[in-house]
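> Residue numbers (this note's numbering): 306 to 380. Note that the Cβ used here is the ideal one computed from N, Cα and C, for glycine as well. Just dropping this structure here.
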């Protein structure tokens, strides 16, 4: 599943990146979204874009296409 499919309050672990998400891969890695990192969804904007997550002790907002590039496992 991808990060975009999670709801507010859900927790997940990063598994990797989708092949078509290549443009965002380096950016997401630099922001701490490495495989094995745990995150939680704290907010989703009314139209679904952006999504705010909490990862490694800080809040991070991602656009829908960035969130769709991230493969996660729901915890």
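Just tell me which of 378, 379, 345 has its CA closest to the CA of residue 367.
Selected option, being the one with the closest Cα: 345.
> So, at 8 Å on beta carbons, what are the nonlocal neighbours of residue 373 in its own chain, with the 5 sequence-adjacent residues on each side left out?
Within the same chain, residue 373 has close Cβ partners 307, 308, 309, 323, 326.
> Which value, in whole angstroms, describes the spacing of the CA atoms of residue 355 and residue 330?
Looking at the two C-alpha atoms, the distance is approximately 18 Å.
> By a C-beta neighbour count over all protein chains shown, 10 Å radius and 16 as the cutoff for buried, is residue 378 buried or exposed?
Exposed, because fewer than 16 other Cβ atoms sit within 10 Å of the Cβ of residue 378.
> Assuming residue 372 is part of the alpha helix (DSSP H), what are its boundary residues?
Counting along the chain, the alpha helix (DSSP H) containing residue 372 begins and ends at 369–373.
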